[in-house]
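S.K.: Would you mind keeping the following structure in view while I ask a few things?
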Amino acid sequence: MIVKIVCCLFFVLSNTFFAQQSKEDKLQQLKSRSDIKVTEVEKDLLKLEYPNSKEIYKNIADYQYPESGTQNLVYSPTYDSTIIDLTTIDTTLYYNKYKFWQEVPLTNFDFNHLMIGDVNNNGKTELYGSRKFYETPTEPICIYELDNSDQFKFKYQYDSAYLSQNIYDIDKDGNNEVQVLGYMGEQRFFSKENDTSFATQLNFILDYERTQLDDQILGDFDGDQKTDLLFDRHSPPDVYIFEYNPVINNFDSVYYFHIQDSIELGIGGYSVKDFDLDGKTDIVFSTIMGKVFVIENEGDNQYENIWQGSVASYNAYYHTNTNDIDQNGKPEFWIMANSYYNGIGITRITIFETSGDNNYQQVGRVDLIGVFSFYAGTMQAVDIDNDGVEEVAICIDGNFLILKFSGSADKHKYQLIYLKRPDIDTAQEWQTYFGSIMYDILNNAEKYILISMAHSKEEFNTIYSKAETKIYRPDSTTFSTNENYYIPVSSLLYQNYPSPFNPSTSIKFILNGFEKISIKIYNMLGKEIKTLFDQYLPFGEHTVQWDGKDDERNLLPGGVYFIQMIAGSYRKTIKTIFLK
Numbered sequence: 164m165i166v167k168i169v170c171c172l173f174f175v176l177s178n179t180f181f182a183q184q185s186k187e188d189k190l191q192q193l194k195s196r197s198d199i200k201v202t203e204v205e206k207d208l209l210k211l212e213y214p215n216s217k218e219i220y221k222n223i224a225d226y227q228y229p230e231s232g233t234q235n236l237v238y239s240p241t242y243d244s245t246i247i248d249l250t251t252i253d254t255t256l257y258y259n260k261y262k263f264w265q266e267v268p269l270t271n272f273d274f275n276h277l278m279i280g281d282v283n284n285n286g287k288t289e290l291y292g293s294r295k296f297y298e299t300p301t302e303p304i305c306i307y308e309l310d311n312s313d314q315f316k317f318k319y320q321y322d323s324a325y326l327s328q329n330i331y332d333i334d335k336d337g338n339n340e341v342q343v344l345g346y347m348g349e350q351r352f353f354s355k356e357n358d359t360s361f362a363t364q365l366n367f368i369l370d371y372e373r374t375q376l377d378d379q380i381l382g383d384f385d386g387d388q389k390t391d392l393l394f395d396r397h398s399p400p401d402v403y404i405f406e407y408n409p410v411i412n413n414f415d416s417v418y419y420f421h422i423q424d425s426i427e428l429g430i431g432g433y434s435v436k437d438f439d440l441d442g443k444t445d446i447v448f449s450t451i452m453g454k455v456f457v458i459e460n461e462g463d464n465q466y467e468n469i470w471q472g473s474v475a476s477y478n479a480y481y482h483t484n485t486n487d488i489d490q491n492g493k494p495e496f497w498i499m500a501n502s503y504y505n506g507i508g509i510t511r512i513t514i515f516e517t518s519g520d521n522n523y524q525q526v527g528r529v530d531l532i533g534v535f536s537f538y539a540g541t542m543q544a545v546d547i548d549n550d551g552v553e554e555v556a557i558c559i560d561g562n563f564l565i566l567k568f569s570g571s572a573d574k575h576k577y578q579l580i581y582l583k584r585p586d587i588d589t590a591q592e593w594q595t596y597f598g599s600i601m602y603d604i605l606n607n608a609e610k611y612i613l614i615s616m617a618h619s620k621e622e623f624n625t626i627y628s629k630a631e632t633k634i635y636r637p638d639s640t641t642f643s644t645n646e647n648y649y650i651p652v653s654s655l656l657y658q659n660y661p662s663p664f665n666p667s668t669s670i671k672f673i674l675n676g677f678e679k680i681s682i683k684i685y686n687m688l689g690k691e692i693k694t695l696f697d698q699y700l701p702f703g704e705h706t707v708q709w710d711g712k713d714d715e716r717n718l719l720p721g722g723v724y725f726i727q728m729i730a731g732s733y734r735k736t737i738k739t740i741f742l743k
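Following this line, the structure appears as structure tokens:
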């Protein structure tokens, strides 16, 4: 089954940002950035070097399907696909669901979001990120903390720390450490002076070959009560697991995995969970060419590559996992990638779940039409409405969006319930998204949106940029996270009220997805009297008015008329009597 969500604009947007950009336009936009060095390693393979010494590789070739060698956009008949055309969606349908709350002068730069926690255990949320103001160099990592008036205020600045990485109790002493990236590529770990302090004392440094360590995750993957550190290197494409050793107060290497294919110059993202339900931790990662690997823990510091698959896309760098989102008893892992298909940028999300011990299959797909990202790339599973089922929040290029599951067991269908784009995008001033995270900042069960970005402006042929994270709070009147967010099983048309009516009536209907709605009025002979409504609407309840005074010439006193609604495959006709 293929579920299509294709939306039209209610009005013309004056901003070309929302239109589909060609591959050449996107590449030129990237090369115009003074803060990124772009090198074409070989045809269609770019090396991007960022100011924080981070390097990534991007494959900008049109995707070639291995089974056919074609470049056509192919959808599978064996699992569900949701298609969302981001080039035609009207963002005014969503703007009132979240309201701007405050801005914090921090970011974690390209492909990252701010690190969030409460290290000093005072019940106040802390944000960790770098500062960058107009016309000034980038500053080291700072801590901003909520004050008693719920405003984030500066508290501390680290020395020689560029990116915030993790907050975790590494030595199992009951206090969290803070992991940051140093200017020379070394990993710095800071500890707390006491239970109620920030982690500001340098504890130890992991200085592994002074090379870029990406996608770092801390956890206990083998169940031995010792902290493990999972990370990768972009070139050569290697995956490592280190384990904390209290004797040396540092990490020791315990596992190494090398991808043999030389073209795989990039690895990105991880999902970590027991996905095949055999009691063993699985680690999922994927590559620039769309290959997917699963490594499974087989005992104390023992790991094995037990599965390899692929996604129908390139640059498969972004991951999350959900805890049985379709209620069929199996957890899922999600892989987000992007490619060009006949010159059209598409971000493709592929959803996997187990099909048996040490085996996995694709069960769903979401295609975001019109998006290929050189910048933002984050994906997070988060239960926004507190109903026990996660939503998926995505930041990709200049889009922040939320998907909600609306299918059933073994039927993956998703609704777009929120979309946010930059507030400013002109030739002289613009915002560039880097990543996002949703978090219960006030500890009141409401998830706030934090979008990290650069705010740039051009003056006298010089570009100035500052770092900022904009925070948006849910609007309780339109998108309450304290209530169940109801999505109906099917669209419905209710009997209009009043009926009989004179001179006007209200027509109420409810949609279970983004649909093009057609509501028409017919007389008893089947003649169309009026098209009352014919456009796209988001899911939820809606009401339209029909004023019979506007159609008196076509209506008869006491006549019988019919209201017909068509929404996708749903069709219903109801009878009403017009009294003149």
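Under this note's numbering, the sequence shown is numbered contiguously, ending at residue 743.
The beta carbon of each residue, even a glycine, is placed where N, CA and C say it ideally should be.
Everything numeric in this text was worked out from a predicted model, so none of it was measured.
Which partner residues of Gln-698 appear in the DSSP bridge assignment?
M.R.: Beta-bridge pairing links Gln-698 to Ile-680.
S.K.: Given a threshold of 16 other Cβ atoms within 10 Å of its Cβ, counted over all protein chains shown, does Gln-350 qualify as buried or as exposed?
M.R.: Per the 10 Å Cβ criterion, buried.
S.K.: What does the Cβ neighbour count give for Asn-647, buried or exposed, with the cut at 16 atoms within 10 Å?
M.R.: The predicted model places Asn-647 with a pLDDT of 44, which falls under 50 and marks its position as unreliable, so this point remains unresolved.
S.K.: How long is the line joining the alpha carbons of Glu-691 and Val-723, rounded to whole angstroms?
M.R.: Rounded to whole angstroms, Glu-691 to Val-723 spans 13 angstroms at the Cα level.
S.K.: For Trp-497, list the residues DSSP reports as bridge partners.
M.R.: Answer is Thr-483, Ile-514.
S.K.: Take Asp-437 as the anchor and find which of Glu-516, Gly-570, Phe-672 has the nearest alpha-carbon.
M.R.: The residue with the shortest Cα to Cα distance from Asp-437 is Glu-516.
S.K.: Where do the N-terminal and C-terminal ends of the beta strand (DSSP E) with Asp-188 fall, by residue?
M.R.: No beta strand (DSSP E) holds Asp-188; the alpha helix (DSSP H) holding it covers 186–194.
S.K.: Who pairs with Ala-730 in a beta bridge, going by DSSP?
M.R.: In the DSSP output, where bridge partners are listed per residue, Ala-730 has Ile-680, Tyr-733.
S.K.: Is DSSP giving Asn-259 helix, strand or coil here?
M.R.: Note: Asn-259 maps to helix in three-state DSSP.
S.K.: Counting Cβ pairs, one atom from each stretch, are 3 or more of them under 8 angstroms apart for the region 262–270 and the region 613–627?
M.R.: Cβ pair count under 8 angstroms is three or more, so yes.
S.K.: Between the C-alpha atoms of Arg-528 and Met-347, what's the straight-line distance to the nearest angstrom?
M.R.: Computed Cα separation, rounded: 40 angstroms.
S.K.: Pairing CB atoms from the region 242–259 with CB atoms from the region 573–592, are three or more of them under 8 angstroms?
M.R.: Flag = yes, the region 242–259 and the region 573–592 touch.
S.K.: Which residues in the same chain as Tyr-297 place their Cβ atom closer than 6 angstroms to its Cβ, once the five residues preceding and following it in sequence are excluded?
M.R.: So the list reads Tyr-627, Lys-629, once near-sequence residues are dropped.
S.K.: Within its chain, find whatever has a CB closer than 6 angstroms to the CB of Ile-737; leave out the 5 residues flanking it on each side and keep chain order.
M.R.: Gln-658, Ile-726, listed in sequence order.
S.K.: What is the rounded straight-line gap between the Cα of Asn-501 and the Cα of Gln-708?
M.R.: The alpha-carbon atoms of Asn-501 and Gln-708 are separated by roughly 43 angstroms.
S.K.: Rounded to whole angstroms, what's the CA-CA distance from Ile-729 to Ile-682? Just pull it up for me.
M.R.: About 7 angstroms.
S.K.: Considering just the uninterrupted stretch of the beta strand (DSSP E) at Ala-617, what are its terminal residues?
M.R.: 611–622 is the span of the beta strand (DSSP E), which, as asked, contains Ala-617.
S.K.: Let's see if you can read the secondary structure: which residues bound the beta strand (DSSP E) around Tyr-228?
M.R.: Tyr-228 -> no beta strand (DSSP E), and no H or E assigned at all.
S.K.: Cα separation between Tyr-685 and Leu-700?
M.R.: If you take the alpha carbons of Tyr-685 and Leu-700, they lie about 22 angstroms apart.
S.K.: Ignore the nearest five residues each way along the sequence and tell me which others in Asp-370's own chain have a CB closer than 6 angstroms to its CB.
M.R.: So the qualifying residues of the chain are Glu-349.
S.K.: Looking only at its own chain, which residues have a Cβ that is under 7 angstroms from the Cβ of Phe-263, when we skip the five neighbours before and after it?
M.R.: Hits under 7 angstroms: Lys-633, Tyr-635.
S.K.: From Ser-643 to Ile-498, what distance separates their C-alpha atoms?
M.R.: Note that Ser-643 scores a pLDDT of 44, beneath 50, so its modelled location is shaky and nothing firm can be said.
S.K.: Would you call the CB atoms of Gly-533 and Leu-249 closer than 8 angstroms?
M.R.: Result yes, Cβ atoms of Gly-533 and Leu-249 sit closer than 8 angstroms.
S.K.: Count the other CB atoms within 10 Å of the CB of Ile-368; is the residue buried (16 or more) or exposed (fewer)?
M.R.: The residue in question, Ile-368, is exposed, as its Cβ has fewer than 16 Cβ neighbours within 10 Å.
S.K.: What are the start and end residues of each continuous beta strand (DSSP E) run of 3 or more residues lying completely inside the region 314–347, in chain order?
M.R.: The region 314–347 contains these whole beta strand (DSSP E) runs: 315–320, 324–331, 340–345.
S.K.: Can you name the start and end residues of the beta strand (DSSP E) that Phe-394 belongs to?
M.R.: From DSSP, the beta strand (DSSP E) with Phe-394 extends over 391–396.
S.K.: For the beta strand (DSSP E) containing Ser-354, name the first residue and the last one.
M.R.: Ser-354 -> beta strand (DSSP E) spans 350–355.
S.K.: Just mark Arg-734 as buried or exposed, buried being the case when its beta carbon has 16 or more other beta carbons within 10 Å.
M.R.: By the neighbour-count rule (16 or more Cβ atoms within 10 Å), Arg-734 is not buried but exposed.
S.K.: Which residue comes first and which comes last in the beta strand (DSSP E) that contains Val-447?
M.R.: Looking at the DSSP string, the run of the beta strand (DSSP E) that includes Val-447 is 445–450.
S.K.: Let's test the definition: count the other Cβ atoms within 10 Å of the Cβ of His-276 and tell me whether it reaches 16, buried, or not, exposed.
M.R.: The residue in question, His-276, is buried, as its Cβ has 16 or more Cβ neighbours within 10 Å.
S.K.: Just the Cα atoms here: how many angstroms apart are Thr-641 and Phe-563?
M.R.: Bear in mind that a pLDDT of 46 at Thr-641, under 50, signals an unreliable position, so the number given afterwards is only what the model happens to contain. Using only the alpha carbons, I get a separation of about 18 angstroms.
S.K.: For the beta strand (DSSP E) that contains His-276, what are its first and last residues?
M.R.: Looking at the DSSP string, His-276 is not in any beta strand (DSSP E), and its letter there is neither H nor E.
S.K.: What did DSSP end up calling Thr-706 once you bin it into helix, strand or coil?
M.R.: The answer is strand: DSSP assigns Thr-706 an E or B state.
S.K.: Classify Gln-364: buried if its beta carbon has 16 or more other beta carbons within 10 angstroms, exposed otherwise.
M.R.: So Gln-364 ends up on the exposed side.
S.K.: Suppose you measure from the CA of Asp-401 to the CA of Leu-428; what does that come to, to the nearest Å?
M.R.: Answer to the nearest angstrom: the Cα atoms are 9 angstroms apart.
S.K.: Have a look at Asp-530 and Cys-558 and give me their C-alpha separation to the nearest angstrom.
M.R.: Approximately 14 angstroms, taken between the alpha carbons.
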